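Student: Dropping a structure here in structure tokens format, bear with me for questions.
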């Protein structure tokens with residue numbers, strides 16, 4: 001896209017935006033002339049033009065629709081997270097479930113960078129609708145899956161789509177908010193969780209007792225596309241208004257079909273994407289599979305997978321350095337220490353929290369003897385608390401103009417305290433009230449850190465790089481989640497079966513594999529029985545080990561906050577037109 005004749009008298013070169021200096025001050029800001037950036041890509045230009053022409057009423061309506069999409073999507077995810085625990089019980093391949101979760105997290109995280117290019121090249125609504133289609137396909141596959149292979153495929157599509165929808169909506173928030181108000185705008189987009197957290201558990205309970213799992217996924221496969229129509233319509237109406245006012249005109253590429261395929265194949269660095277996903281998958285999946293091998297990590301298959309994975313990752317690095325002009329990873333953005341620190345902090349937080357929360361839901365049901373509804377409520381405390389508290393944090397950032405101090409003096413210390421206390425309190429013989437206390441502490445502190453980390457990541461780039469830097473941060477988080485899941489699974493499978501074997505009554509040793517692999521089987525033994533007591537004791541020892549490692553990772557993460565510059569968000573102008 002190019003500027004039309006109506007804006008030809010504008011400056012030919014736009015400023016690169018607010019770039020903080022090394023001493024933490026802001027040496028220059030984005031141009032104050034509200035014109036479409038001539039150097040920006042087509043999708044960014046279209047978004048800038050949209051904010052220049054839309055009214056305040058449409059802006060408010062768009063934010064209301066975004067809130068509603070988050071609301072419905074959060075309900076869907078809350079129900080799905082419970083239902084999948086019961087869906088997989090009939091497949092009899094429990095040992096392979098961690099590998100599926102790891103692969104879904106990995107692919108879902110790393111595909112954000114190509115998605116960012118889709119948003120920048122073709123536009124925000126096009127990328128959003130593409131993600132909705134992928135999510136819907138995942139829901140349909142979940143509804144009709146009757147074997148483990150279909151379930152695994154459905155999970156990958158589901159998490160790529162679900163993560164993509166959330167990511168594109170976050171980019172929309174960044175496009176339509178000033179940096180000063182961005183933390184508060186992100187907190188607003190997270191606020192539906194305060195309500196939906198209490199709906200997922202009871203609704204899942206009702207589904208299991210009534211219409212069934214397939215019915216729920218079928219219903220959401222219809223609802224999710226339907227709720228996206230208002231937002232898409234708002235975009236289309238404003239795009240028509242843009243054309244009517246001749247703010248932008250489309251330029252033809254002049255490429256043939258084959259040339260376009262080759263161009264986008266190179267532009268999206270498909271080879272780099274395949275290399276990095278394959279490399280990390282082959283390296284991390286063995287951590288989830290080694291207990292199924294008689295020789296453990298000494299198994300030829302495990303050794304071969306890890307060796308090939310490392311080799312492919314080395315090949316990816318060589319490919320990025322020498323054989324592609326448009327790399328998969330935007331290394332120039334990572335050269336900024338604030339962006340690098342934010343991305344590394346996101347990865348480490350996801351590593352820590354994946355280990356801390358991966359087995360919390362079954363722990364509450366098996367160890368504390370809670371029903372699905374109560375266990376769901378407690379497992380949602382972090383999400384609810386962080387969503388509530390992030391509104392306070394967003395307001396504090398808006399008022400002070402700074403975000404680093406919140407993470408440095410409150411977020412990280414209290415997060416470490418909250419998770420550290422779980423080492424002592426998340427045990428079989430401790431009251432559930434102390435577990436809830438730790439969850440509340442961690443939710444307030446963790447919500448602070450995550451919001452500050454997202455603000456830091458987007459504070460050092462001009463508007464045309466917002467989608468890419470947010471994708472970069474999200475990719476680090478996805479990779480961190482995959483690593484954390486791999487470590488948690490490895491620790492769990494190394495400790496829980498061995499401890500359970502030593503604690504189980506001799507009469508139940510013949511059912512060891514079935515008990516290890518099924519939460520449903522574990523809960524068939526009544527509380528207080530020797531078998532249930534043995535299960536609870538094994539759970540406690542495995543959980544304690546994971547939380548200790550999680551706390552250690554958090555302690556190391558403090559160094560990543562130290563990398564951040566103390567940026568004044570009030571002095572940085574990124575967005576144009578009528579924004580929040």
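Residue numbers (UniProt numbering): 1 to 580.
Ideal Cβ positions, reconstructed from N, Cα and C, are used throughout, including at glycine.
The model shown is predicted, which means the values in this text are computed figures rather than measured ones.
(1) Beta-carbon separation of residue 481 and residue 105 under 7 Å?
(2) Tell me which residue opens and which closes the alpha helix (DSSP H) that residue 60 is part of.
(3) Here's a check: name, in chain order, each residue in its chain whose Cβ is nearer than 6 Å to the Cβ of residue 164, leaving out the five neighbours to either side.
(4) Given this structure, state the Cα-to-Cα distance separating residue 439 from residue 460, to the nearest angstrom.
(5) For residue 405, does the three-state DSSP call read helix, strand or coil?
(6) Quick check on this structure: which residue in 553, 518 and 467 has the alpha carbon closest to the alpha carbon of residue 119?
(7) For a test of the three-state rule: what should DSSP assign to residue 169, helix, strand or coil?
(8) Using DSSP with H/G/I as helix, E/B as strand and the rest coil, what is residue 370?
(9) Determine the DSSP secondary structure at residue 567, reduced to helix, strand or coil.
(10) Mind checking residue 144: buried by the 16 CB within 10 Å criterion, or exposed?
(11) How would you write the range of the alpha helix (DSSP H) that residue 196 sits in, first residue to last?
(12) So, helix, strand or coil for residue 146, using DSSP?
(13) Report yes or no: do the stretch 417-435 and the stretch 517-532 share at least 3 C-beta pairs separated by less than 8 Å?
(14) Would you mind giving the Cβ-Cβ distance between residue 551 and residue 419, rounded to the nearest angstrom? I have them listed as a contact below 8 Å.
(15) Over what stretch of residues does the alpha helix (DSSP H) that includes residue 413 continue unbroken?
(16) Report, in whole angstroms, the separation of the C-beta atoms of residue 486 and residue 287, which I expect to be a contact under 8 Å.
(17) For residue 364 and residue 522, what's the separation of their Cα atoms in angstroms?
(18) Quick check on DSSP: helix, strand or coil for residue 504?
(19) Could one say the Cβ of residue 129 lies closer than 7 Å to chain C's Cβ atoms, at least one of them?
(20) Relative to the alpha-carbon of residue 142, which residue among 472, 218 and 192 has its alpha-carbon at the smallest distance?
(21) Taking contact to mean 3 or more Cβ pairs, one atom from each stretch, closer than 8 Å, check whether the stretch 440-447 and the stretch 313-328 are in contact.
(22) Since residue 62 and residue 451 should fall inside the 8 Å C-beta cutoff, what is the C-beta to C-beta distance between them, to a whole number of angstroms?
(23) Among 112, 328, 290 and 339, which one has its Cα closest to the Cα of residue 455?
(24) If you run the structure through DSSP and keep just helix, strand and coil, what is residue 329?
(25) Roughly how many whole angstroms lie between the Cα atoms of residue 433 and residue 205?
(26) Measuring only the C-alpha atoms, how far is residue 110 from residue 507?
(27) Pick out the complete alpha helix (DSSP H) segments inside the stretch 485-543, 4 residues or longer, and give them in chain order.
(28) Let's test the definition: count the other Cβ atoms within 10 Å of the Cβ of residue 82 and tell me whether it reaches 16, buried, or not, exposed.
(29) In its own chain, which residues sit with a C-beta less than 7 Å from the C-beta of residue 275, not counting the 5 before and 5 after it?
(30) Might you give, ordered along the chain, the residues of its own chain that have their beta carbon closer than 8 Å to the beta carbon of residue 22, omitting 5 neighbours on each side?
(31) What did DSSP end up calling residue 455 once you bin it into helix, strand or coil?
(32) Mind checking residue 422: buried by the 16 CB within 10 Å criterion, or exposed?
(33) Quick check: is any heavy atom of the ligand GTP less than 6 Å from the C-beta of residue 565?
(34) Where residue 265 and residue 43 are concerned, what is the direct C-alpha to C-alpha distance, given to the nearest angstrom?
(35) Sort 180, 68 and 556 by Cα distance to residue 395 and report the nearest one.
(36) Can you tell me which of 476, 378, 483 and 493 puts its alpha carbon nearest to the alpha carbon of residue 442?
Tutor: To lay it out plainly:
(1) For this step, residue 481 is matched to residue 481 along the chain shown. For this step, residue 105 is matched to residue 105 along the chain shown. Yes, Cβ-Cβ distance for residue 481 and residue 105 is below 7 Å.
(2) Position 60 of the chain shown holds residue 60. Its alpha helix (DSSP H) spans residues 56-87.
(3) Along the chain shown, one-based indexing puts residue 164 at 164. Excluding its 5 nearest sequence neighbours in each direction, residue 164 has C-beta neighbours in its own chain below 6 Å: 115 and 131, listed in chain order.
(4) By 1-based counting over the chain shown, the position of residue 439 is 439. By 1-based counting over the chain shown, the position of residue 460 is 460. C-alpha separation (whole angstroms): 32 Å.
(5) On the chain shown, position 405 is the one that residue 405 refers to. DSSP places residue 405 in helix when its eight states are reduced to three.
(6) Here residue 119 is taken as the residue at index 119 of the chain shown, counted from 1. Relative to the Cα of residue 119, the nearest Cα in the group 553, 518 and 467 belongs to 467.
(7) For the purposes of this step, residue 169 is taken as residue 169 along the chain shown, with counting starting at 1. Of the three classes helix, strand and coil, the one that applies to residue 169 here is helix, per DSSP.
(8) Taking the first residue of the chain shown as 1, we reach residue 370 at position 370. In the structure shown, residue 370 sits in coil (DSSP, three-state: anything other than H, G, I, E or B).
(9) Mapped onto the chain shown, residue 567 falls at position 567. Three-state DSSP puts residue 567 in coil, outside helix and strand.
(10) Here residue 144 is taken as the residue at index 144 of the chain shown, counted from 1. That one is exposed.
(11) As a working note, residue 196 is residue 196 in the chain shown. First-last of the alpha helix (DSSP H) with residue 196: 193-209.
(12) Mapped onto the chain shown, residue 146 falls at position 146. In this structure, residue 146 counts as coil in the three-state DSSP scheme.
(13) no
(14) Within the chain shown, the letter at position 551 stands for residue 551. Within the chain shown, the letter at position 419 stands for residue 419. About 5 Å; that satisfies the 8 Å criterion.
(15) Residue numbering aside, residue 413 sits at position 413 when the chain shown is read from its first letter. Element bounds for residue 413: 412-425.
(16) Counted from its first residue, the chain shown places residue 486 at position 486. Counted from its first residue, the chain shown places residue 287 at position 287. Their Cβ separation, rounded to whole angstroms, is 4 Å, which keeps residue 486 and residue 287 in contact under 8 Å.
(17) As a first step, residue 364 is located in the chain shown; it is residue number 364 there, counting from the start. As a first step, residue 522 is located in the chain shown; it is residue number 522 there, counting from the start. Between residue 364 and residue 522, the C-alpha separation is close to 12 Å.
(18) Residue 504 sits at position 504 when you count from the first residue of the chain shown. Here residue 504 sits in coil by DSSP.
(19) Absent from the structure: chain C. Only one protein chain is present.
(20) Numbered from its first residue, the chain shown carries residue 142 at position 142. Considering only alpha carbons, the answer is 218.
(21) Contact between the stretch 440-447 and the stretch 313-328 is absent, because fewer than three Cβ pairs lie under 8 Å.
(22) Stepping through the chain shown from its first residue, residue 62 is reached at position 62. Stepping through the chain shown from its first residue, residue 451 is reached at position 451. The pair is not a contact, with the Cβ atoms about 22 Å apart (cut-off 8 Å).
(23) The count along the chain shown starts at 1 and reaches residue 455 at position 455. Residue 339 is the option with its Cα nearest to residue 455.
(24) The sequence position of residue 329 within the chain shown is 329, counting from 1. Residue 329 falls in the coil class under three-state DSSP.
(25) Taking the first residue of the chain shown as position 1, residue 433 is located at position 433. Taking the first residue of the chain shown as position 1, residue 205 is located at position 205. So the two alpha carbons sit approximately 24 Å from each other.
(26) Start at 1 with the first residue of the chain shown, and residue 110 comes out as number 110. Start at 1 with the first residue of the chain shown, and residue 507 comes out as number 507. C-alpha separation (whole angstroms): 47 Å.
(27) 512-517 and 519-522
(28) In the chain shown, residue 82 corresponds to position 82, counting from 1. Label assigned to residue 82: buried.
(29) The residue you call residue 275 lines up with position 275 of the chain shown. Excluding positions up to five away in sequence, the list reads 312, 315, 316 and 319.
(30) As a first step, residue 22 must be located in the chain shown, where it is residue number 22. At residue 22 the pLDDT is 40, less than 50, meaning the model places this residue with poor confidence and gives no usable figure here.
(31) Position 455 of the chain shown, counted from the first residue, corresponds to residue 455. Helix.
(32) On the chain shown, position 422 is the one that residue 422 refers to. Label assigned to residue 422: buried.
(33) In the structure on display, the ligand GTP does not appear, and there are no ligands present to speak of.
(34) Taking the first residue of the chain shown as position 1, residue 265 is located at position 265. Taking the first residue of the chain shown as position 1, residue 43 is located at position 43. Their backbone Cα atoms lie some 18 Å apart in a straight line.
(35) For the purposes of this step, residue 395 is taken as residue 395 along the chain shown, with counting starting at 1. That would be 180, whose Cα lies nearest to the Cα of residue 395.
(36) As a working note, residue 442 is residue 442 in the chain shown. When each option's Cα is compared against that of residue 442, the closest is 378.
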